[in-house]
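These notes concern the structure reproduced below.
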Amino acid sequence: MPKKILIIDDEAAFTYLVKLNLEKTGKYDVRVENKGALGLPAAIEFKPDMIFLDIVMPDMDGSDVALQLSENSVTRAVPVVFLTAIIDKEEVDDNDSVIGGRKFLAKPVRVDELINCIEGTLRK
Amino acid sequence: MDDSRREPGYVTDLEFRQLAESSGILIWETDSKGRYTYISRQVSVVLGYSPAEIIGNDLSYFLSFGLDEEQAELVSGKFEARKCFDKLEITIRRKDGQQTFLEISAMPRLDEKGGFRGFIGVMKDTTGYRLAENKLRSNQEFIKSIIQNSAVATFVITSEHKVIYWNRACEELTGTKAVDVINTGMHWTAFYKSPRPCVADIIIDGNVGDMSKLYPVQAQSELIEGGLHSEGWYIDLGGKDRYIIFDAAPIYDADGNVVAAIETLHDISESKKAQEELAEAYRQLKVYQSQLIQAAKMDTVGTLASGVAHEVKNPLAVILQGVEYLFHSVPLDHADNRLVLGYISEAVGRADRIIKGLLDFSSLTEMRVEPEQIEGVIDSALLLVKNSLDRKKIKVFKWFAPGLPAAKIDRNKFEQVLVNLLVNAIDAMPEHGEVSIKAYGSTISGANGVTGEAGDGTFEPGSRVAVLEIEDSGPGIPEENLEKVFDPFFTTKRQRGGSGLGLSIVRNIIDMHGGKISVDNRKDARGVRVKIILKT
Numbered sequence: 001m002p003k004k005i006l007i008i009d010d011e012a013a014f015t016y017l018v019k020l021n022l023e024k025t026g027k028y029d030v031r032v033e034n035k036g037a038l039g040l041p042a043a044i045e046f047k048p049d050m051i052f053l054d055i056v057m058p059d060m061d062g063s064d065v066a067l068q069l070s071e072n073s074v075t076r077a078v079p080v081v082f083l084t085a086i087i088d089k090e091e092v093d094d095n096d097s098v099i100g101g102r103k104f105l106a107k108p109v110r111v112d113e114l115i116n117c118i119e120g121t122l123r124k
Numbered sequence: 125m126d127d128s129r130r131e132p133g134y135v136t137d138l139e140f141r142q143l144a145e146s147s148g149i150l151i152w153e154t155d156s157k158g159r160y161t162y163i164s165r166q167v168s169v170v171l172g173y174s175p176a177e178i179i180g181n182d183l184s185y186f187l188s189f190g191l192d193e194e195q196a197e198l199v200s201g202k203f204e205a206r207k208c209f210d211k212l213e214i215t216i217r218r219k220d221g222q223q224t225f226l227e228i229s230a231m232p233r234l235d236e237k238g239g240f241r242g243f244i245g246v247m248k249d250t251t252g253y254r255l256a257e258n259k260l261r262s263n264q265e266f267i268k269s270i271i272q273n274s275a276v277a278t279f280v281i282t283s284e285h286k287v288i289y290w291n292r293a294c295e296e297l298t299g300t301k302a303v304d305v306i307n308t309g310m311h312w313t314a315f316y317k318s319p320r321p322c323v324a325d326i327i328i329d330g331n332v333g334d335m336s337k338l339y340p341v342q343a344q345s346e347l348i349e350g351g352l353h354s355e356g357w358y359i360d361l362g363g364k365d366r367y368i369i370f371d372a373a374p375i376y377d378a379d380g381n382v383v384a385a386i387e388t389l390h391d392i393s394e395s396k397k398a399q400e401e402l403a404e405a406y407r408q409l410k411v412y413q414s415q416l417i418q419a420a421k422m423d424t425v426g427t428l429a430s431g432v433a434h435e436v437k438n439p440l441a442v443i444l445q446g447v448e449y450l451f452h453s454v455p456l457d458h459a460d461n462r463l464v465l466g467y468i469s470e471a472v473g474r475a476d477r478i479i480k481g482l483l484d485f486s487s488l489t490e491m492r493v494e495p496e497q498i499e500g501v502i503d504s505a506l507l508l509v510k511n512s513l514d515r516k517k518i519k520v521f522k523w524f525a526p527g528l529p530a531a532k533i534d535r536n537k538f539e540q541v542l543v544n545l546l547v548n549a550i551d552a553m554p555e556h557g558e559v560s561i562k563a564y565g566s567t568i569s570g571a572n573g574v575t576g577e578a579g580d581g582t583f584e585p586g587s588r589v590a591v592l593e594i595e596d597s598g599p600g601i602p603e604e605n606l607e608k609v610f611d612p613f614f615t616t617k618r619q620r621g622g623s624g625l626g627l628s629i630v631r632n633i634i635d636m637h638g639g640k641i642s643v644d645n646r647k648d649a650r651g652v653r654v655k656i657i658l659k660t
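Protein chains in written order, with our numbering: chain A, 1 to 124; chain B, 125 to 660.
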């Protein structure tokens, strides 16, 4: 069974390409959501194994989406990784990808970094 | 007397009187009782009396012409002694009442047995000389009085370098008394600890060329030909430090020879201090202004950078994902496809590094500065670049002075500085290059302090600093680029992905530490020397 990955990010071109790249491996089933406010309903419906969540989005901030996800019984247990351009790769690397208890990936991100992150997160 | 019986040189009374009358000299003769037996007619010119009015009268009559008591006694004494006397000076009144100065010389007349027969003598009217002499003396007194009472400190030396005037203002200003220097050549003692020509001495000697050697601030007078000007600070002159303006000028005799030199001293310490304080305040203002401008620039860059970073990183993320997709979708057996995708991927990496640099550049506001031993930070930085050093087989030499003071630094930021500088050095050098790192303590000693840069107000004179020098054995920096190395985006490594932000970040970090950094080509060998001065 391919692992289900939800990407919530307003950058449509980015999410489209991530979906293509991940699904090309045959190991992942990727759903894309380009509106922050629709993140929770998408997660409830899609029931992903893991969520990549952007932080700066025009309609709803990623941190608010994360709060909604954590407060919902269906999505509470789904691991969320923030995938954002507002932090720096070195900051992420220095802190073993965890800042303030949350896991981060810095944009721009390579496909192998995404895959390592998914595998690492789901293994736990 | 029969002429044939006369001894050679013998002069008769008649001949003598004829000679006396025609000579224009006042000659006189008395008998043994002091009565005038003869006086030449010149007496009428000198005293206004005719010979007839005097002949037959005795000395007391003559002496009554306004002689004062003291002089009368002197003259009587001479006559009573019946001996020669020479140039006896007396003052008497002429018949018309005018005062006349006379110089009398006389010798006793003796008979064949040596008996006293009276005096024969001459009188010379010295009134003209005496009046001229008095006038001269009075002129000299007047000149002396002008100099002495001038409010401008003044001294005058002769062509033999002897002080002839040292006025009260000069005493007051220099603290040196006139009695200690007048008629000596010791006027330099007022200003210097060892013998050294004053400006007036240079004028006397005519060695104008010495001026520039002896006086850093000097010029020729614009007002007086041959006059010289100098100025400067004099420590403990007359009890305090003074800024003195010296103006000296030659004094000529009637033939145009320099016979003396006059030098005046003006104490302009207060206005000089005010001027220097103003200049210092202006300089400080410029420093603060440039710091403010820099801070404002940084602020703008910071705001811009964080905004740009996010906005640029998102499209970069798209490009990177797109490239990776294409890597797996287009036939890579076509070499150009692979090359193009490789270029795009590399360009994304470079753009990302530039953004990272911009963020570093603008995120220096939070500093945790603590006293640190920089040896430790240097070792950590060297560890971080060890791979690059090993790859190029570069040797590292370290020298830390004993007692190296702890520097006030943010350890992480300073490590970033060192890594940046070391990477630059490594990049600049071929294989088997050498990096030398030297650290020592020093003291800022004023304008000519440890770097010559203390004058810009970065460091307080007298403060202790830690100095770090990093030298490489690379080709050095072309002179035209030296000024630009700290400019943001200036790089010679653009082809290799250099963002041009490294050294500007380094300088920003050092500025944030309140330190100084300079980059120069080495004087002793090929290569670059970076010097960092840090507060302790």
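No residue lacks a Cβ here, since even glycine has one placed at the ideal position from N, Cα and C.
Going straight from the alpha carbon of residue i to that of residue j, what length do you get?
i	j	result
B:D596	B:K562	12 Å
B:S587	B:S566	8 Å
B:V303	B:F370	22 Å
B:A549	B:G500	20 Å
B:D644	B:A552	14 Å
B:Q272	B:K301	13 Å
B:Y376	B:T215	36 Å
B:E400	B:D365	14 Å
B:A433	A:I86	7 Å
A:E23	A:D29	6 Å
A:S70	B:T424	38 Å
A:G36	B:R474	30 Å
B:L260	B:T250	15 Å
B:R671	B:I328	In this structure chain B extends from 125 to 660, so residue 671 of chain B is not present and cannot be described.
Can you list, in chain order, the residues of its chain whose CB lies under 8 Å from that of residue i, leaving out five sequence neighbours each side?
i	result
B:R320	W312 and L338
B:S274	N291 and A293
B:I149	S164, Q166, V246 and K248
B:L119	In the structure as shown, chain B begins at 125 and stops at 660. Residue 119 of chain B is therefore absent and cannot be evaluated.
A:I44	N72, V74 and T75
Could you have a look at residue i and say whether DSSP puts it in helix, strand or coil?
i	result
B:A590	strand
B:Y412	helix
B:S184	helix
B:D644	strand
B:D335	Before going on, a small fix: residue 335 of chain B reads as Met here, not Asp. In this structure, B:M335 counts as helix in the three-state DSSP scheme.
A:M50	strand
B:K259	helix
B:T298	helix
B:K397	helix
B:K522	strand
B:P232	strand
B:F538	helix
B:K237	coil
B:H353	strand
B:I468	helix
Is residue i close to chain A? Criterion is C-beta to C-beta, closer than 8 Å.
i	result
B:V432	no
B:N536	no
B:V442	yes
B:G638	no
B:E539	no
B:G626	no
B:K437	yes
B:L507	no
B:L546	no
I'd like to confirm something about residue i: is its beta-carbon nearer than 7 Å to some heavy atom of the ligand SAH, or not?
i	result
B:D365	The model on display carries no ligand, and the ligand SAH is accordingly not part of it.
Under 8 Å, Cβ to Cβ, is there at least one residue of chain B near residue i?
i	result
A:V65	no
Within its chain, find whatever has a CB closer than 6 Å to the CB of residue i; leave out the 5 residues flanking it on each side and keep chain order.
i	result
B:T388	V276, T278 and D371
B:Y367	W357, I392, S393 and K396
A:F46	L6 and R31
B:A324	I281, A372, A385 and E387
With a CB to CB cut of under 7 Å and the five nearest residues on each side skipped, what residues in its chain are close to residue i?
i	result
B:M491	D534, K537 and M636
B:L450	L465
B:Q223	T215 and R217
B:L234	F240 and R241
- request: Identify each residue in the region 100-116 of chain A for which the Cβ-Cβ distance to at least one residue of chain B is less than 7 Å, and report them in chain order.
  value: K107, P108, V109, R110 and V111
field: chain B contacts made by the region 22-48 of chain A, where a contact means CB separation under 8 Å
entry: K24
query: Listed in chain order, which residues of the region 449-481 of chain B have Cβ atoms closer than 7 Å to some Cβ of chain A?
result: Across the region 449-481 of chain B, CB contacts with chain A closer than 7 Å involve Y449, H452, V472, D476 and K480, in sequence order along the chain.
- request: Name, going along the chain, the residues of the region 4-19 of chain A whose beta-carbon falls closer than 7 Å to a beta-carbon of chain B.
  value: The region 4-19 of chain A vs chain B, Cβ under 7 Å: E11, A13, F14, L17 and V18.
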